[in-house]
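Residue numbers (the working numbering), protein chains in the order written: chain A, 83 to 301; chain B, 3 to 143.
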């Protein structure tokens with residue numbers, strides 16, 4: 083899922099300057115799971131803003147997804163009553179809501195962090211960089227792009243110390259140590275003997291905004 | 003704001019029925035005296051306390067809120083009170099961020115036999131909120 087985190091209230095209040103009636107629009111999918119922008123979080127933020135900004139009016143709504151046109155359409159009536167939407171979706175949702183509900187000012191309530199997983203309740207961690215060319219089959223299912231701070235293809239580097247990464251020795255595990263341990267457990271250390279050539283980064287964002295088309299689904 | 007300006011705070015107490023609610027009942031049986039500023043909301047467990055309950059209490063005009071659950075380790079649902087404590091911490095930070103003040107919210111723990119502890123919690127919160135003065139949130143009548 084997409085992992086996000088609410089922006090500081092002070093930053094949100096600054097963005098809302100000049101708007102009198104604001105729709106706090108939650109998103110019912112990824113950001114609900116990471117407890118950043120779902121129905122509950124939209125209610126809490128709207129409540130907080132009502133207390134912080136008594137001169138403004140805040141209404142709440144949550145749609146199933148802000149990355150699909152038909153769900154955003156569901157918020158159109160609420161949006162038209164408001165001067166601005168404070169979207170609690172990931173960046174994609176904020177942008178798409180602005181595109182679909184053209185003419186309404188859409189502001190981001192969250193900072194989008196990563197594509198990741200729930201490591202434990204309340205803790206969400208990055209697991210994929212959407213590089214566009216998955217190589218998890220070579221690394222025992224542990225991604226060197228997302229989990230190595232340097233995205234090395236032939237690791238580890240000299241900054242790997244006792245299984246931790248030099249970037250943050252308390253919180254970041256060395257991705258390549260994890261890969262080594264996993265491949266050893268799988269009996270596939272032979273996969274590490276091959277030197278991986280430079281990756282084709284044009285499949286990642288370096289090649290520009292990406293587009294996926296599945297012809298049979300196109301109307 | 004000073005304490006003696008006649009301000010009587012409105013305080014909402016979310017009480018677990020197994021401990022604080024029973025302690026409040028016992029305080030009544032014991033004819034213990036405590037300020038009449040508290041409105042008690044009975045819960046099956048403080049684990050039922052959702053952050054939005056706390057926010058709504060303040061939004062609707064409470065000057066202070068406290069959550070009172072069982073002693074740590076004694077929750078009938080194992081760790082409902084521990085979860086409540088974390089949620090109280092989360093909302094305290096949010097109240098601080100919006101300028102209402104985190105000190106207006108507190109978590110207490112007590113057993114059903116500890117009526118004096120319930121009385122002490124009410125006294126402490128009433129005194130604290132009187133010193134802080136009315137919440138800046140406009141009252142809803």
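Cβ coordinates follow ideal geometry from the N, Cα and C atoms, glycine included.
Within chain B, partners of residue i - CB distance below 7 Å
{"i": "residue 125 of chain A", "result": "54"}
{"i": "residue 134 of chain A", "result": "100 and 101"}
Whole-angstrom distance between residue j and residue i, CA atom to CA atom
{"i": "residue 268 of chain A", "j": "residue 223 of chain A", "result": "11 Å"}
{"i": "residue 52 of chain B", "j": "residue 110 of chain A", "result": "18 Å"}
{"i": "residue 202 of chain A", "j": "residue 85 of chain B", "result": "15 Å"}
{"i": "residue 232 of chain A", "j": "residue 250 of chain A", "result": "12 Å"}
{"i": "residue 228 of chain A", "j": "residue 216 of chain A", "result": "11 Å"}
{"i": "residue 253 of chain A", "j": "residue 245 of chain A", "result": "11 Å"}
{"i": "residue 92 of chain A", "j": "residue 27 of chain B", "result": "43 Å"}
{"i": "residue 159 of chain A", "j": "residue 143 of chain A", "result": "11 Å"}
{"i": "residue 112 of chain A", "j": "residue 82 of chain B", "result": "26 Å"}
{"i": "residue 89 of chain A", "j": "residue 221 of chain A", "result": "35 Å"}
{"i": "residue 265 of chain A", "j": "residue 255 of chain A", "result": "16 Å"}
{"i": "residue 262 of chain A", "j": "residue 214 of chain A", "result": "23 Å"}
Within chain A, partners of residue i - CB distance below 9 Å
{"i": "residue 132 of chain B", "result": "Here the premise fails: no neighbours, minimum Cβ distance about 20 Å."}
Bridge partner(s) assigned by DSSP for residue i
{"i": "residue 18 of chain B", "result": "B:45"}
{"i": "residue 194 of chain A", "result": "A:86"}
{"i": "residue 187 of chain A", "result": "A:166"}
{"i": "residue 143 of chain A", "result": "A:107"}
{"i": "residue 111 of chain B", "result": "B:71"}
Below-8 Å beta-carbon distance, residue i vs any chain A residue
{"i": "residue 57 of chain B", "result": "yes"}
{"i": "residue 96 of chain B", "result": "yes"}
{"i": "residue 9 of chain B", "result": "no"}
{"i": "residue 61 of chain B", "result": "yes"}
{"i": "residue 139 of chain B", "result": "yes"}
Within chain B, the residues that residue i reaches when beta carbons sit closer than 9 Å
{"i": "residue 122 of chain A", "result": "52, 53 and 54"}
Below-8 Å beta-carbon distance, residue i vs any chain B residue
{"i": "residue 129 of chain A", "result": "yes"}
{"i": "residue 91 of chain A", "result": "yes"}
For residue i, the three-state DSSP class (helix, strand or coil)
{"i": "residue 60 of chain B", "result": "helix"}
{"i": "residue 259 of chain A", "result": "helix"}
{"i": "residue 132 of chain B", "result": "helix"}
{"i": "residue 64 of chain A", "result": "Nothing can be reported for residue 64 of chain A, as the shown portion of chain A is limited to 83 through 301."}
{"i": "residue 4 of chain B", "result": "The predicted position of residue 4 of chain B is uncertain, since its pLDDT is 47 and thus under 50; no value can be drawn from it."}
{"i": "residue 234 of chain A", "result": "coil"}
{"i": "residue 212 of chain A", "result": "coil"}
Proximal residues of chain A, C-beta to C-beta of residue i below 8 Å
{"i": "residue 67 of chain B", "result": "Simply none; closest approach about 13 Å."}
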